[in-house]
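The structure appears right after this line, and notes come after that.
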Amino acid sequence: MRSAPTAPSATVPPPPAGLRPADETPARWFANGAAQARANAAGAAKAKNVIVFLGDGMSLPTIAAARILDGQQKGGSGEENRLSFETFPATALVKTYETDFQTPDSAGTMTAIMSGVKTRAGFIGIDQVPNRGDCAASKGHELVSLLELASVAGLSTGVVTTTRITHATPAATYGHLPDRNWEVDVEIPEREREAGCADFARQLVEFPFGGGVNVALGGGRTEFLPATERDPEYHGLPGKRLDGRDLVAEWQRKPGASYVWNAQQLSAIDPAKTRHLLGLFEPEHMRYEVERAGDPGGEPNLADMTRAALSVLQRNPKGYFLMVEGGRIDHAHHSGNAYRALTETVEFAKAVAVADGMTSAEDTLILVTADHAHTMSFVGYPARGNPILGKVRGSTGEGDPTPELARDATGLPYATLSYANGPGYAGASDEQPEGAKRYPHRAAGYQPARKGRPNLTEIDTESPDYEQEALVPMGAETHGGDDVAAYARGPGSGAVRGSMEQNALFHVLVQSNETLRSQLCRIGACDRSGVPVKQPSRAQLLSAARK
Numbered sequence: 003m004r005s006a007p008t009a010p011s012a013t014v015p016p017p018p019a020g021l022r023p024a025d026e027t028p029a030r031w032f033a034n035g036a037a038q039a040r041a042n043a044a045g046a047a048k049a050k051n052v053i054v055f056l057g058d059g060m061s062l063p064t065i066a067a068a069r070i071l072d073g074q075q076k077g078g079s080g081e082e083n084r085l086s087f088e089t090f091p092a093t094a095l096v097k098t099y100e101t102d103f104q105t106p107d108s109a110g111t112m113t114a115i116m117s118g119v120k121t122r123a124g125f126i127g128i129d130q131v132p133n134r135g136d137c138a139a140s141k142g143h144e145l146v147s148l149l150e151l152a153s154v155a156g157l158s159t160g161v162v163t164t165t166r167i168t169h170a171t172p173a174a175t176y177g178h179l180p181d182r183n184w185e186v187d188v189e190i191p192e193r194e195r196e197a198g199c200a201d202f203a204r205q206l207v208e209f210p211f212g213g214g215v216n217v218a219l220g221g222g223r224t225e226f227l228p229a230t231e232r233d234p235e236y237h238g239l240p241g242k243r244l245d246g247r248d249l250v251a252e253w254q255r256k257p258g259a260s261y262v263w264n265a266q267q268l269s270a271i272d273p274a275k276t277r278h279l280l281g282l283f284e285p286e287h288m289r290y291e292v293e294r295a296g297d298p299g300g301e302p303n304l305a306d307m308t309r310a311a312l313s314v315l316q317r318n319p320k321g322y323f324l325m326v327e328g329g330r331i332d333h334a335h336h337s338g339n340a341y342r343a344l345t346e347t348v349e350f351a352k353a354v355a356v357a358d359g360m361t362s363a364e365d366t367l368i369l370v371t372a373d374h375a376h377t378m379s380f381v382g383y384p385a386r387g388n389p390i391l392g393k394v395r396g397s398t399g400e401g402d403p404t405p406e407l408a409r410d411a412t413g414l415p416y417a418t419l420s421y422a423n424g425p426g427y428a429g430a431s432d433e434q435p436e437g438a439k440r441y442p443h444r445a446a447g448y449q450p451a452r453k454g455r456p457n458l459t460e461i462d463t464e465s466p467d468y469e470q471e472a473l474v475p476m477g478a479e480t481h482g483g484d485d486v487a488a489y490a491r492g493p494g495s496g497a498v499r500g501s502m503e504q505n506a507l508f509h510v511l512v513q514s515n516e517t518l519r520s521q522l523c524r525i526g527a528c529d530r531s532g533v534p535v536k537q538p539s540r541a542q543l544l545s546a547a548r549k
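Residues in the sequence shown are numbered consecutively from 3, following the numbering used here.
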C-alpha cells in the first residue's frame, strides 16, 4: 500500500472553463470540481471533523424571510436579526443545475455534494451514464460518497434528517440506485430486484464500510419493518417490507447497537456504550415543528437529534463525518405553505447552533448549504418591521411608508410572500372552493380563477395553515433553478467563496480533511501535488476496506 503524499502544494493549475454538455463525463466533473476547490483554497487546511448541514429547498428568499420571522418572534423588527449560520465567515453562491435539468431535484444535487460529480435528476450515488431505473446498466457506475470514504478512513459517520432516512438527501450519503424512489423493496420492480438492486433501507443496514454507519436518525420506520409487524407507535399500521426482513432487528445485532423510536428513548442513550445508533421516530417523514407537540409517542426536534449524534460521534479520536438535513423546508414549500417552510428553517438554524456550540472552529469544518431553491417570492414594499407573513403595509410604490394596506392595481391587498406556482392558486380545486387556500390542500385539478385574486382584507395570512397565493395552479409547487447559498466556518472554510459549482463543495470538504484526502491518495486518486483529481471507483474503495 502506497503512503499518502504530504499536504497539497500551490502548484495545481487553475480550474478549467466550465464543461459543455458534449464534453461532460463523470471523471471530468470530478477533476473540474477538484481544481475549483483547490484554486479557492488559501492554503493547506487540517479539519479533523466535517459536518454538512443541508437545508432542503432553502432558497435565498427562504433564508431572508426566516431570518425576519425569527427576529420578530424574539420581539424585534426582524430585519437586523441573523440566523446562526449567517454569522459564519465564509460564503458562496452555488449553481445547482444537473446534467439533464436546469431546475434540479434533491437526488442529483445531493449526489453532487457527496461525490464531487454532477449527475442526473433522480439518481442517487450513480453517475450520469445509465438510464433512470436501469439497475443492470447502473452497475459499475456507483459513485464514492464522502460518508463511505470517511468510514474506510476510520472516521465515525452519521446521518440525521427530518424526512425518512431513506429519502433522497440522506440516501445520497450512503446509497446507490438509479431511481430515488426505491426506498423499500416493494417499490423496486421485480426485474430490477433480480438484477441486483437493493432498496435504500437495506443499503443503510448492510452498509459495507467501517462496520456500518454509526448514527442514523430520522423518520421512515415502515421501510425497515416487515408487513407482518405493527408499528410501535401507530399500532394498526403494518411495515412495508415484503421480503420478510426486519431491518430494525438486524441493526440491533450490530456490536454496541441501540434502536430508539421516541424522544425519551433518545435522551436516555449512553453515548459511551453506543457504537451504532438507529432512531426512527415516525412511520414516514417526521412531523413539522409546529405539529411536533401533538405526536403521540413524542419525537425529538432536529437540534435534539444533532446533539445526540455528536455525543456518539465525538468519542472517536480519529474524528467523524456528519450530515444533518432540515428536510421538511422543501415539503412545506411544495405545499405552498410559507409558515411551515420558515419555521422549519428556524429550527434548522437552531440545529446548526448546537453543532457550532459543541465543536471548535479550530478542528471542525461546518458547511451549511441547500440542494436547490423554490419559487417563493419576497416582494412588495412592506415597511420595516411589517410581519413577514402578513399583508403588505408600507407603500404601493417607492414612497414613504404608511400604516395602510398596500393595494394592487385592482384595489386589493396582497401579502409579502407568494409563490410563482403551486396549490395556493385562487381558482376552485377539487378540494377547496375558489379563493384563498388552506393547508393541507392536495388538489388534483383546478378551475380558472373566475373572480380574479382573492380579497385578503379579512384573511389571516399569518395563520400557520394559510397557503400563500400562487400565480400558476399546480398540485405541488416546484423547485426553483436559482443559485443557493453556502456558509462555512472552520479549517478550509476559506475555499467557500465566489460562484461555485455544486460538486466542488465535496472537494472543499475532502481537501480540508487530511484523513479523507490521504485515503483518496492511497487508492490512487491524487496527482503529484497530493490533490485528489482522479475519480475513484467504488471497487477501489471496497478493496481498500478489505486490507
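Backbone N, C-alpha and C fix where the C-beta goes; we use that ideal spot for every residue, glycine too.
Counted within 10 angstroms of its Cβ, other Cβ atoms place residue i as buried (16 or more) or exposed
i    : result
N133 : exposed
R223 : buried
P63  : buried
E400 : exposed
E503 : buried
T159 : buried
E406 : exposed
R22  : exposed
K439 : buried
Q449 : exposed
E550 : Nothing in the structure corresponds to residue 550, since the chain is present only between 3 and 549.
S420 : buried
P28  : buried
E225 : buried
T89  : exposed
S520 : buried
A334 : buried
Residues near residue i in its chain [Cβ-Cβ closer than 6 Å; skip 5 each side]
i    : result
G447 : D432
A422 : T377 and L473
L279 : V217, S260 and V314
L95  : D485 and S501
G299 : E235 and N264
R548 : none
P493 : A47, K48, A49, L367 and S514
Rounded distance between the beta-carbons of residue j and residue i, thought under 8 Å
i    : j    : result
L564 : T171 : Given that the chain is displayed from residue 3 to residue 549, the structure contains no residue 564 and the question cannot be resolved.
G220 : I167 : 4 Å
K393 : A411 : K393 to A411, Cβ: 16 Å. No contact.
G238 : P228 : G238 to P228, Cβ: 16 Å. No contact.
T105 : T371 : Incorrect: roughly 17 Å between the Cβ atoms, too far for contact.
P180 : I128 : 5 Å
K48  : E516 : 5 Å
S514 : L312 : Actually they are not in contact, since the Cβ atoms of S514 and L312 sit about 19 Å apart, beyond 8 Å.
T93  : R122 : T93 to R122, Cβ: 28 Å. No contact.
S86  : D358 : 6 Å
A451 : G429 : 4 Å
Test item: CB-CB of residue i and residue j under 8 Å
i    : j    : result
E301 : G328 : no
Y427 : P475 : yes
V119 : F32  : yes
T113 : A174 : yes
L543 : L249 : no
A541 : V154 : no
S147 : H374 : no
V292 : T345 : yes
Q205 : G177 : yes
G77  : I70  : no
S61  : G482 : yes
I271 : A310 : yes
P534 : C523 : yes
G59  : D467 : no
Close-in-space but distant-in-sequence residues of the same chain around residue i (CB under 7 Å, 5 per side omitted)
i    : result
L244 : D187, V188 and A229
R409 : T398 and P415
H143 : I128, D129, V131 and P132
P456 : A428, G437 and A438
Cβ-based neighbour list, residue i, same chain, cut-off 8 Å, excluding 5 preceding and 5 following
i    : result
L369 : V52, I53, V54, F55, A488, Y489, A490, S495, V498, L507, V510 and L511
T469 : Here residue 469 is Glu; the residue named in the question, Thr, does not match the sequence. S337, G338, N339, G424, P425, G426, A438, K439, R440, Y441 and H443, listed in sequence order.
L149 : M116, T159, V161, T175, Y176, V215, F323 and M325
A274 : R317
Within-8 Å CB hit, residue i to chain D
i    : result
G258 : No chain D appears in the structure shown, which is made up of a single protein chain.
Check your understanding: What are the complete alpha helix (DSSP H) segments, minimum 4 residues, inside the region 450-518?
Key -> With a minimum length of 4 residues, the unbroken runs of alpha helix (DSSP H) contained wholly in the region 450-518 fall at 506-514.
Review point. In chain order, which continuous runs of the alpha helix (DSSP H) of length 4 or greater are located wholly inside the region 65-105?
Key: none
Check your understanding: Which residue spans inside the region 157-218 form an unbroken beta strand (DSSP E) run of at least 3?
Key -> 158-166
Check your understanding: What residue ranges within the region 233-272 form continuous beta strand (DSSP E) runs of no fewer than 3 residues, ordered along the chain?
Key -> 259-262
Review point. Fully enclosed by the region 295-356, which beta strand (DSSP E) runs are 3 residues long or longer?
Key: 322-328
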